[in-house]
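A.B. asks: For reference, the structure I am asking about is given below.
Chains as they are written, first to last, in my numbering: chain Y, 589 to 913; chain G, 9 to 135.
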């Protein structure tokens, strides 16, 4: 892979030459066989990750050169007509790929929505259903304790204490999965709640500074919450951070939210290009944000840790000040 | 027509394109039909070495379309769902290959059993 760059340049000029000579062949009477090869060339271009614009400009150049190589008006007219067929042949693999990407993006958005529904359902089960069962166990224990001698009553009390502990944890997890605070109070209080839990469990301070108030539409608040959640998970799990800072502010009608850590940092470009869990996580974050019109900026270095910066242009109708607190 | 070489692929493309134009498809659609034929014929040459491609104009209730059937007696596809999934093969990860063909055409049908070859039928209707 290390020689890829050197090879790429050579490949690039080879490709250009091949394109030009194929186009010439087609313009001077080559038929379907040449179109077939043009198609293969397009296929190769796509697998070599050649950009569409690069291909179009290369085409333009090749047509220009051929045009100037002859004074024959008839040939020139023929060239202009046939070169369009040639180009669309070369582009058709891109058409296929583009349809694939459209489908994939649509599927990804749908998956996100389904996932959110699923999370709500699980959070409900953990909170309400498991909670009710625990209440039933409490009642049964209390009844049992009534009929027991004092020494054993104390043991039951211990068990009850453990049950209460379980209940507390379950409630906490359920709220973090899908905080009711998110719906009731908004994303900033929800993030504070989440950060409090993460901070306790990971034993590191999370500093929050939010100069922002007011509510946003619920899909946007949910997205922001999920992105911060993913960022916190990454910072704790992979970066081994000692501190995390979350800041949110509004500047020039653009909502900013930064999640920064002093952990190990990573090669953002390489990670995003890879299909590792982390790479896919970042792609998913970016995609989630783009679904609501937001962007993600990643700054990471081995020495200085990582900063994720979310930017979301605020539209007037996003502000719902009546429910601001 | 028999498909066993690159020349055969060219011939299949040519026939597919002219049939599509005859049926009244736009030249852009004819290009996409030739593309689908290329991908199907490519699969035959790479996996089964030899096979057949048949082309036919078809008549719906109030529309006209083209039917392409690619068949071979090659090794067959053990897991069709996997073969149709993006990212299964290198070409698939770029949206090419069988998943790409499925998206270019309106209807897609595949029958394949290991050891008994593969038959793929695709239809495209004229808009």
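We put the beta carbon where it would ideally sit given N, CA and C, even for glycine.
The structure presented is a predicted model; accordingly, all values stated were derived computationally and were not measured.
Is residue 669 (chain Y) close to chain G, meaning its C-beta is less than 8 Å from at least one C-beta of that chain?
C.D. replies: Cβ-Cβ to chain G under 8 Å: no for residue 669 (chain Y).
A.B. asks: Hey, residue 68 (chain G) and residue 121 (chain G) are a contact pair by Cβ (cut 8 Å); roughly how many whole angstroms apart?
C.D. replies: Not confirmed; about 30 Å, so no contact.
A.B. asks: Would residue 836 (chain Y) count as contacting chain G if we go by Cβ distances under 8 Å?
C.D. replies: Cβ-Cβ to chain G under 8 Å: no for residue 836 (chain Y).
A.B. asks: In or out: residue 8 (chain G) buried (at least 16 other Cβ within 10 Å) or exposed?
C.D. replies: Absent from the structure is residue 8 (chain G), since the part of chain G shown begins at 9 and ends at 135.
A.B. asks: Suppose you measure from the CA of residue 754 (chain Y) to the CA of residue 814 (chain Y); what does that come to, to the nearest Å?
C.D. replies: Approximately 25 Å, taken between the alpha carbons.
A.B. asks: Counting along the chain, where does the alpha helix (DSSP H) carrying residue 73 (chain G) start and finish?
C.D. replies: From DSSP, residue 73 (chain G) is part of no alpha helix (DSSP H) but of the beta strand (DSSP E) over 72 to 80.
A.B. asks: Under 7 Å between beta-carbons, which chain G residues line up against residue 680 (chain Y)? List them in chain order, please.
C.D. replies: Residues of chain G passing the Cβ test: 39, 40, 43.
A.B. asks: Between residue 38 (chain G) and the rest of its own chain, which residues show a CB-CB distance below 7 Å, the 5 nearest in sequence each way excluded?
C.D. replies: Excluding sequence neighbours, residue 38 (chain G) sits near 25, 28, 29.
A.B. asks: Residues of chain G with CB closer than 8 Å to the CB of residue 855 (chain Y), please, in chain order.
C.D. replies: Neighbours of residue 855 (chain Y) on chain G: none; closest Cβ ~22 Å, over 8 Å.
A.B. asks: Looking at chain G, which residues of the stretch 891 to 902 of chain Y have a Cβ within less than 7 Å of any of its Cβ atoms?
C.D. replies: Answer set for the stretch 891 to 902 of chain Y: empty.
A.B. asks: Does the beta-carbon distance from residue 72 (chain G) to residue 134 (chain G) come in below 8 Å?
C.D. replies: It is a contact, given that the beta carbons lie within the stated cut-off.
A.B. asks: Based on the DSSP output, what are the partners of residue 837 (chain Y) in its beta bridges?
C.D. replies: Residue 837 (chain Y) is bridged to Y:799, Y:844.
A.B. asks: Report yes or no: do three or more beta-carbon pairs, one from the stretch 796 to 805 of chain Y and one from the stretch 826 to 845 of chain Y, lie closer than 8 Å?
C.D. replies: Flag = yes, the stretch 796 to 805 of chain Y and the stretch 826 to 845 of chain Y touch.
A.B. asks: Which same chain residues, not among the five before or five after residue 40 (chain G), have their C-beta less than 6 Å away from its C-beta?
C.D. replies: Taken in chain order, the residues that qualify are 112.
A.B. asks: If the cut-off is 8 Å on Cβ atoms, which residues from the stretch 22 to 38 of chain G count as contacting chain Y, listed in chain order?
C.D. replies: Hits within the stretch, in order: 22, 25, 35, 36.
A.B. asks: Spell out whether any CB of chain G is found under 8 Å from the CB atom of residue 803 (chain Y).
C.D. replies: False, the Cβ-Cβ gap to chain G never drops below 8 Å.
A.B. asks: Is there contact between the stretch 607 to 621 of chain Y and the stretch 644 to 651 of chain Y, where contact requires at least three CB pairs shorter than 8 Å?
C.D. replies: At 8 Å Cβ cutoff, the stretches touch.
A.B. asks: How many angstroms separate the CA atom of residue 722 (chain Y) from the CA atom of residue 829 (chain Y)?
C.D. replies: Taking the straight line joining both Cα atoms gives about 36 Å.
A.B. asks: Would DSSP call residue 616 (chain Y) helix, strand or coil?
C.D. replies: Looking at residue 616 (chain Y) - three-state DSSP - the assignment turns out to be coil, as it is neither helix nor strand.
A.B. asks: For residue 779 (chain Y), which residues from the same chain have a beta carbon less than 6 Å from its beta carbon, with the 5 sequence-adjacent residues on both sides left out?
C.D. replies: 816, listed in sequence order.
A.B. asks: First and last residue of the alpha helix (DSSP H) that includes residue 690 (chain Y)?
C.D. replies: 661 to 712 is the span of the alpha helix (DSSP H), which, as asked, contains residue 690 (chain Y).
A.B. asks: Do residue 719 (chain Y) and residue 758 (chain Y) count as a contact pair if the criterion is CB distance below 8 Å?
C.D. replies: Against a cut-off of 8 Å, the Cβ pair of residue 719 (chain Y) and residue 758 (chain Y) comes out as a contact.
A.B. asks: At the level of alpha carbons, what is the spacing between residue 745 (chain Y) and residue 729 (chain Y)?
C.D. replies: Distance between the alpha carbons of residue 745 (chain Y) and residue 729 (chain Y) is about 9 Å.
A.B. asks: Under 8 Å between C-beta atoms, does residue 621 (chain Y) make it to chain G?
C.D. replies: Output row for residue 621 (chain Y): interface = yes.
A.B. asks: In the DSSP assignment, the alpha helix (DSSP H) including residue 736 (chain Y) goes from what residue to what residue?
C.D. replies: No alpha helix (DSSP H) holds residue 736 (chain Y); DSSP gives it neither H nor E.
A.B. asks: Alpha carbon to alpha carbon, how far is residue 844 (chain Y) from residue 811 (chain Y)? Give it in angstroms, no decimals.
C.D. replies: In a straight line, the C-alpha of residue 811 (chain Y) is about 14 Å away from that of residue 844 (chain Y).
A.B. asks: Using a Cβ cut-off of 8 Å (strictly closer), state whether residue 17 (chain G) contacts chain Y.
C.D. replies: Answer yes: the Cβ-Cβ gap between residue 17 (chain G) and chain Y drops below 8 Å somewhere.
A.B. asks: Give me the residue from Y:807, Y:668, Y:785, Y:684 with the minimum Cα distance to residue 702 (chain Y).
C.D. replies: Per the Cα distances, Y:807.
A.B. asks: Where does residue 128 (chain G) land, buried or exposed, given buried means 16+ other C-beta within 10 angstroms?
C.D. replies: Residue 128 (chain G) is buried by the Cβ-count criterion.
A.B. asks: State the beta-bridge partners of residue 64 (chain G) as determined by DSSP.
C.D. replies: Beta-bridge pairing links residue 64 (chain G) to G:75.
A.B. asks: Exposed or buried, which one is residue 731 (chain Y) when buried takes at least 16 other CB atoms within 10 Å?
C.D. replies: When all chains shown are included, residue 731 (chain Y) counts as exposed.
A.B. asks: Measuring alpha carbon to alpha carbon, tell me which residue in Y:769, Y:857, Y:894, Y:675 is nearest residue 823 (chain Y).
C.D. replies: Among Y:769, Y:857, Y:894, Y:675, the Cα nearest to that of residue 823 (chain Y) is on Y:894.
A.B. asks: Helix, strand or coil for residue 855 (chain Y), going by three-state DSSP, please let me know.
C.D. replies: Residue state, collapsed to three classes: coil.
A.B. asks: Note down, in chain order, every chain G residue with its Cβ under 9 Å from the Cβ of residue 632 (chain Y).
C.D. replies: Chain G residues near residue 632 (chain Y): none, gap ~11 Å exceeds 9 Å.
A.B. asks: Give the C-beta separation of residue 130 (chain G) and residue 44 (chain G) to the nearest angstrom, bearing in mind that I take them to be a contact with Cβ-Cβ under 8 Å.
C.D. replies: Residue 130 (chain G) to residue 44 (chain G), Cβ: 6 Å. Contact.
A.B. asks: What residue from Y:668, Y:632, Y:604 has the CA that sits closest to residue 615 (chain Y)'s CA?
C.D. replies: Ranking the options by Cα distance to residue 615 (chain Y), first place goes to Y:668.
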